[in-house]
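Chains as they are written, first to last, in the working numbering: chain A, 230 to 543; chain B, 230 to 543; chain C, 230 to 543; chain D, 230 to 543; chain E, 230 to 543; chain F, 230 to 543.
Heads up, the beta-carbon is just placed ideally off N, CA and C, and yes, glycines get one too.
Data block below; observations after.
6 protein chains.
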Amino acid sequence: MGRFIWQNGKILPESEAVISVYDSALMFGDMVFEMTRSFNRKQFKLREHIERLIRSIMYTRIPFDMSIDDLEIACDDIQNSNQFEPDDEHRLMINVSRGTLPMYSETERAWNGTNIMITDFPLRWTVAGMGQLFDNGINAVTPSQRAIPASLLDPRVKSRSRMHLQMANIEVSGYEGNNNWPLLLDEHGYVTEGTGANFFIVDKCGALLTPHSKNILNGISREFIFSDFSTLTLGDDITLYDIHNAKEAFFTATPFCMLPVTSINGVKIGDGKVGEKYNYFLNEWSKMVGVDIKGQIQAWDKGAKKGPSAYKFK
Amino acid sequence: MGRFIWQNGKILPESEAVISVYDSALMFGDMVFEMTRSFNRKQFKLREHIERLIRSIMYTRIPFDMSIDDLEIACDDIQNSNQFEPDDEHRLMINVSRGTLPMYSETERAWNGTNIMITDFPLRWTVAGMGQLFDNGINAVTPSQRAIPASLLDPRVKSRSRMHLQMANIEVSGYEGNNNWPLLLDEHGYVTEGTGANFFIVDKCGALLTPHSKNILNGISREFIFSDFSTLTLGDDITLYDIHNAKEAFFTATPFCMLPVTSINGVKIGDGKVGEKYNYFLNEWSKMVGVDIKGQIQAWDKGAKKGPSAYKFK
Amino acid sequence: MGRFIWQNGKILPESEAVISVYDSALMFGDMVFEMTRSFNRKQFKLREHIERLIRSIMYTRIPFDMSIDDLEIACDDIQNSNQFEPDDEHRLMINVSRGTLPMYSETERAWNGTNIMITDFPLRWTVAGMGQLFDNGINAVTPSQRAIPASLLDPRVKSRSRMHLQMANIEVSGYEGNNNWPLLLDEHGYVTEGTGANFFIVDKCGALLTPHSKNILNGISREFIFSDFSTLTLGDDITLYDIHNAKEAFFTATPFCMLPVTSINGVKIGDGKVGEKYNYFLNEWSKMVGVDIKGQIQAWDKGAKKGPSAYKFK
Amino acid sequence: MGRFIWQNGKILPESEAVISVYDSALMFGDMVFEMTRSFNRKQFKLREHIERLIRSIMYTRIPFDMSIDDLEIACDDIQNSNQFEPDDEHRLMINVSRGTLPMYSETERAWNGTNIMITDFPLRWTVAGMGQLFDNGINAVTPSQRAIPASLLDPRVKSRSRMHLQMANIEVSGYEGNNNWPLLLDEHGYVTEGTGANFFIVDKCGALLTPHSKNILNGISREFIFSDFSTLTLGDDITLYDIHNAKEAFFTATPFCMLPVTSINGVKIGDGKVGEKYNYFLNEWSKMVGVDIKGQIQAWDKGAKKGPSAYKFK
Amino acid sequence: MGRFIWQNGKILPESEAVISVYDSALMFGDMVFEMTRSFNRKQFKLREHIERLIRSIMYTRIPFDMSIDDLEIACDDIQNSNQFEPDDEHRLMINVSRGTLPMYSETERAWNGTNIMITDFPLRWTVAGMGQLFDNGINAVTPSQRAIPASLLDPRVKSRSRMHLQMANIEVSGYEGNNNWPLLLDEHGYVTEGTGANFFIVDKCGALLTPHSKNILNGISREFIFSDFSTLTLGDDITLYDIHNAKEAFFTATPFCMLPVTSINGVKIGDGKVGEKYNYFLNEWSKMVGVDIKGQIQAWDKGAKKGPSAYKFK
Amino acid sequence: MGRFIWQNGKILPESEAVISVYDSALMFGDMVFEMTRSFNRKQFKLREHIERLIRSIMYTRIPFDMSIDDLEIACDDIQNSNQFEPDDEHRLMINVSRGTLPMYSETERAWNGTNIMITDFPLRWTVAGMGQLFDNGINAVTPSQRAIPASLLDPRVKSRSRMHLQMANIEVSGYEGNNNWPLLLDEHGYVTEGTGANFFIVDKCGALLTPHSKNILNGISREFIFSDFSTLTLGDDITLYDIHNAKEAFFTATPFCMLPVTSINGVKIGDGKVGEKYNYFLNEWSKMVGVDIKGQIQAWDKGAKKGPSAYKFK
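Next comes the structure, spelled out in structure tokens:
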């Protein structure tokens, strides 16, 4: 019943899923991570997630000597240690930090070593309350908070240093209505991403457009759209004008795969309904993974306790 | 012998100085904090630190209902619970986070509440190895990594989302020599701050200059220089040219108070010696607090275990 | 009963208050203007308004040969031609455009000459519905739309080319609540102005701060605060952090003089009440002009027809 | 003999082609529009113009419920109402504004409704004096005035808020010579557009290059070059260096279709003559529409009254 | 009769005033310099020029071991070696470069050493043709070429790497008229300096304003205005709007001291006449140095050969 | 034995390879140039170098009337005048400047005319000491100094005004180790070029990427990679993240053709070894020109005198 985690080679109880306040992870937001999901207990694109993690580790120069294979085994081990009734879909979180800063330790004047932790929890928790969005769509809102440019903090490095995304969540929670999600602009006014999701539009000619890869997290779900559907997708400088004149739009992210965006700053995109291309992709995706993505989430929704969305702040 | 911490009203053992990986503090770097020091066991400018903490809390909209007085009492309590032989100078760290994100909890769909933690450790640990810098001075190095502008992430809000500062530390650790500290430029090439210290220069006419308050952490030690010494100090757009032509320069920060900067990118500032104004301020400061600031740190230095500085990365 | 206007030296019926679609005013937004108000039928700071108009005319190089005195006389003439029962407070609008573009005229290949028009209407119309704001205060909201920098379109030139302000109005009208007014940031994240009002804060020490004069319309009411109250006011780079930590804030503009701003993006400023300094200035101002500024507007409010505010868009 | 206009469903005399000074069109430059031309009395690409108008309306959120077909019929109606001897080529101007601001109306506190107006005038008036440019070419001059970036005011939205273009016209009119037209750079120094025309170059290899579509009005004539000639055209970041090394260059715009640019800031482009590619396109275009584009305009030129060009200011 | 120069301690004939094309001075524009003038054969502010030279040398890290006194003596020596009939006013040029790059020398793999050269020529040559500007004033023109920001190339370092200034000269030479001088804007549209002169305005209240010292060469004549006249001068962000509304304006530079600027981009400043404040300063300056500055230059003008100004390019 | 140069049509001794300090080349860095190399005494891509020179001349508007053929003949002439034992590989430097500024000449008030100079020296001098880099690779270091954007000073114009490159050399010379070469970022953090070399990466999929042509010198060697090897190469916005995740990287430049870059800021690229694609290109290139490029340089290396690299400053 109790959940377990994997840390530096050991299986430990969930209560150990904690980090010292003297760890560089908390002193500087200096921790890189990945979050995954399963379909029918099988982790989706796990290797791609791990490869991206390795890239984040190399960029931030965290000493690290596990192989990709070792990480995959550790992920399997921890998933096998947990069972989540009644649904049993697993969401893994892999965290890697540089460890306790030397200046907070008496016994030696050196880093105490890289800290690797894999935790596991029911996917249901993340997506609870999102069911209705598959039908009603999201209203994307461009907050005053801008994305931090890659030259200052590269969004392709998935680190914990992203207070600006939380500030965007807070800002948009003041907007009228319940389906508002932030969509951040960059310093030039071009669209970047949500606060945990990539953005796509379908233009009048049916072409799929998404922001250039330089300025955003290069999402695994985002790349799935390109590669597995063999869909020509253009990396572009997308502006509000382009969204206003798009036929449809959607967000992609690991836990919910795809959610339709039916309005921008309160104005309908296309006819304001969930789009054809969106429906096509979602159905194909469901078939590929053998799970009714939307149905599964909406079913969980019904049993969920009510409460404010993660995007609502006081 | 074991250290204690204060958390949400309770005194707990040091081993509890940990944060859940599901806390917003780790998910977004969404934690604000303060770090203080004592002189002869008396906390220095504690109220100013707490007032700045409150400003950070309000800006980030973390629900919070402790008063300044309550926080001061909590700080006293935890310092009184610990004794650090042989020196007994205390460094407090106050952390405030929004708590576990609703999406990572089964039992309810709401924030689990603000998390307040005060830890306490020997000041000696932070400053070990800095003793020689009082005599030799620091070589300030401007890394390629630029400061994030206040419009994207306000540095006056002392948050944990500051991976870019760690990246600056890493970059400068490749520079030849052992006394290099980063000094970040902003997007316009103006000087901002170190990765945990404010910067001052003394110009040819003896005037004290420091970067404008808008783009940097408004350090308590920095403000001490203005107010307690009644020294006219100009907030200015400082460039490399200004530093090259300054008479002296120094960093200020809570743990070490002041350290001289004797060269910039390898070129001597003034005659390359520790400056007169620096010495005057350090002596006055020592008198005011009844502690020989430099002597105390250099004494600790002698007993310290050797090891790489916190600013050295592989 | 019918209202009259002044145009190029003639008194004409209000129905002539129109501009040709071939006028440069409509082709390029190439019209400069001023809007004034009276207290007890006496125009307030009329000369200052006219001087600013002349500066706009010179900058935009509209051929113009009326003197300041002539313009003042024209303003008097038109006010004397109109009587607005029951209140009789007059709002003048002075428009100056370059005239019909040569390319839209058959008979000659030249500009048809500068077009000067002064219209007059009851002040009551502009301020209807604002009465409650004197007591409840405004919630300033920073929209995603940024101010256009002075180097591209100088805001000190009061021209008609300001669609971006209307876009800011539209954006903020989607924010929850009825008292939201836009407060535009510049490209660096510094506060500029509202979409027709200047902004001030009172800091913790009681100092009055307002954005630098370079990036905003240099409002007549804004300058009245400096000069007529002999109040030291600092032109500053004001950020959201400064507003969060201010004691009070307010907007100034010609029709309503001053309105309190009691929250910023939904968060209380100070104690969230109308501020002391605000009340002091408003009372002094009322005494100087012999009109109870707040009382007069609140009285009009009672008789006003209900309807959406000018800042609400569908 | 008198001309007629169409306004909100009615045919009215030309004298009604006026807008109230209280209309949002004049208060904020808040009016979107299109201007067309005919070839042998047949409107060219009318549907494309109307579609672009609809996009401008949606972006600026002007309430609007006419269909594209209705607008086309209205355009036909008004053209049929007018006859322009001796040439009979019609230029239509379609203006749409949000109507009178609520604050300038006594009777109700609401917008008085969208204002739609179509006017019609001889094409000859616009192009008079341009005949010689077909042979001599234009000298493109880069003014100090920069284009406003799309993030602040999207140039793809054809609005009346464009005083900066008039300022560019004024600035360039001080340049020596009579054939100077402004060519605006953006904030990064890349070429954008003229003050009413799109820009193309032909590079050394014969490739056609034109600025990216994001930063400029997406001209109907510009797109005609791509689509109807099946010419590969590259959207590019064009710099002054590229123009200096181009073989030829030209402007496109609705009234004159294409005009050669034979020098840049006074330096010859290529051999300084009208280019081959330009001649090819102009001839093809003339054939397609059954009008000798250059011949028609040069014929009008001969009869035209002399006078300063629209680009000359005192 | 032949002129002499000083180079690395030797007096040599003028024909030696040359630099190897393999010198870093020519390979990178890597040479710092000063240019001075005399009044009645006495060098003006020579020590200030030398001090600025030393600052340039330190910033660019050119190895250098002459003292200020030594440099002053060398300047005296070379002036004493030359006699310029009939006027005998001397202009010195002091050049310091890093020497021949190691890669262009066979015999050793090291820098061949710093190269110091002082040349001397009649002041008359520089100012010939400027006489009429004292009466007619300059028309300052803002070219499309912007100043390079200090973060990329500090203008306070007087180096030879300034092709952008020559490009500005070229651009403005296409402007109509003979009295045009460039006045460069920075990237934010603020005024910086001419291509060899500092800029001042006198505002409506009589206050003297000049651009901040960070973005421009800190001219010796510019500082003379502050210090020797005890005139309060404000370093400011000056825009075109400020110049349009100024009462007068002028340039300062070593050879001509001060020249009036009577129009900006073709529009009169104030009444378009030479200003009172300008005249006052010029008279005082003349008295201080015992030379009728304007008279001397205008006298030379009369005898001068006619020819295009240095600011005219084909 | 003595070397000869070509100047304005004459063959002169090497000692004449000097420029007057009054030449615009030294006053403004206003000289454009090319540097070439031979393979077996045959100049490589000489015509491409000359064509680029002509583009620089046109852009900077230096009066010039030599044809490309004339320049080629002059280059041949000067190479034939010199013989460099034992290797006899020639490096030509072609310099073109505007001549002495009119203000530094007594006899006339005009430019004294364009100055064209071709010098010739052993290639060996430039590449001495680079031999080991073919095996060990370069560590590319991103200095704090940023590239100057093309809008301010176009890097495609090969001028002498490039002090910022020398400053980058100086900055990087303080970095630990001997194989460090600067790699400049632009203002957006994108990679531009070295201080005399173009940069390429090979990504994980084997694709060749190099920065867009707009922001860098368009190197002849860089273009050789595209065209002569028929290799698809993508012009891209390359970031540090891309380099960290590349398989290999290299610099190209005329004297050494190609050198491997095996680490970035001290972190290995790929496996930290010289890459396969690099080796392939270098071998092919060697075959095409009939010279073992690496072998030739390494052979020179052995005989070379030891000394600091051109990139080491005190």
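- Within 10 angstroms of the beta-carbon of C:TYR507 lie 16 or more other beta-carbons, which makes it buried.
- From the listed residues B:GLY448, B:VAL250, B:ASN409, B:ASP349, the smallest Cα separation to A:TYR333 is found for B:ASP349.
- With respect to the C-alpha of D:GLU301, the residue from D:SER373, D:MET346, D:GLY342, D:ASP252 having the closest C-alpha is D:MET346.
- Where D:GLN236 is concerned, the enclosing beta strand (DSSP E) starts and stops at 233-236.
- The Cβ neighbour count for F:SER296, taken over all protein chains shown within 10 Å, is under 16; the residue is labelled exposed.
- Between C:LYS443 and C:VAL261, the C-beta gap is not smaller than 7 Å, which leaves the two residues out of contact.
- Under the Cβ criterion of 7 Å, E:ASP259 is not counted among the residues facing chain B.
- Cα atoms of A:ASP530 and E:ASP415: separation of roughly 57 Å, rounded to the nearest angstrom.
- Judged by beta-carbon spacing, A:ILE445 lies within the 7 Å limit of A:GLU422, meaning their Cβ atoms are closer than that value.
- The segment 366-378 of chain E and the segment 263-272 of chain F do not touch, with fewer than 3 CB-CB distances between them shorter than 8 Å.
- In the pairwise beta carbon analysis, the segment 397-414 of chain E is classified as not touching the segment 303-311 of chain F: fewer than three pairs are separated by under 8 Å.
- Taking C-alpha positions only, E:ILE377 is separated from E:GLN395 by approximately 13 Å.
- If you check the CB distance, F:GLY418 and A:SER390 do not come in under 7 Å.
- Listed in chain order, the positions of the segment 344-366 of chain C with a beta carbon within less than 9 Å of a beta carbon of chain D are MET346, THR348, PHE350, PRO351, ARG353, TRP354, THR355, VAL356, ALA357, GLY358.
- For A:MET287, the nearest beta carbon of chain F is closer than 7 Å to its own beta carbon.
- Interface residue (Cβ-Cβ distance to chain C less than 7 Å): B:LYS443 is classified as such.
- In the DSSP annotation of this structure, the continuous segment of the alpha helix (DSSP H) that includes B:MET392 starts and ends at 392-401.
- In this structure, D:TYR288 sits near A:HIS473, with a CB-CB distance shorter than 7 Å.
- The DSSP assignment places 247-249, 260-264 as complete runs of the beta strand (DSSP E) inside the segment 246-292 of chain E, in order along the chain (cut-off: 3 residues).
- When Cβ-Cβ separations below 7 Å define contact, B:ARG281 makes no contact with chain A.
- Within the same chain, ASP316, GLU318 come within 8 Å of E:GLN525 by CB-CB distance, once the 5 residues on both sides are set aside.
- Each of F:PRO440, F:ASP294, F:PHE268, F:SER310 was checked against the Cα of F:ASP465, and the nearest Cα belongs to F:PRO440.
- Residue ranges of uninterrupted beta strand (DSSP E) with 3 or more members, entirely inside the segment 302-362 of chain C and ordered along the chain, are 319-326, 344-351.
- The closest CA to that of A:THR462, considering only A:SER285, A:GLY435, A:HIS278, is found on A:GLY435.
- Comparing alpha-carbon positions, the option among D:MET322, D:GLU245, D:GLU280, D:ARG327 lying closest to D:PHE257 turns out to be D:ARG327.
- Ranked by Cα distance from B:ILE323, the first of B:GLU314, B:PRO384, B:ARG276, B:TRP340 is B:ARG276.
- Short of 7 Å from the beta carbon of D:GLY231, and not among the five residues preceding or following it, lie these beta carbons of its own chain, in chain order: PRO242, GLU243.
- Under DSSP, A:GLY504 shares a beta bridge with no residue.
- Partner residues in the beta bridge of C:CYS486, as assigned by DSSP, are C:ALA482.
- Take the alpha-carbon of D:ASP383 and the one of D:ASP294: they are about 23 Å apart.
- Close to chain D, meaning a Cβ-Cβ distance shorter than 7 Å, are the following residues of the segment 398-431 of chain C: ILE399.
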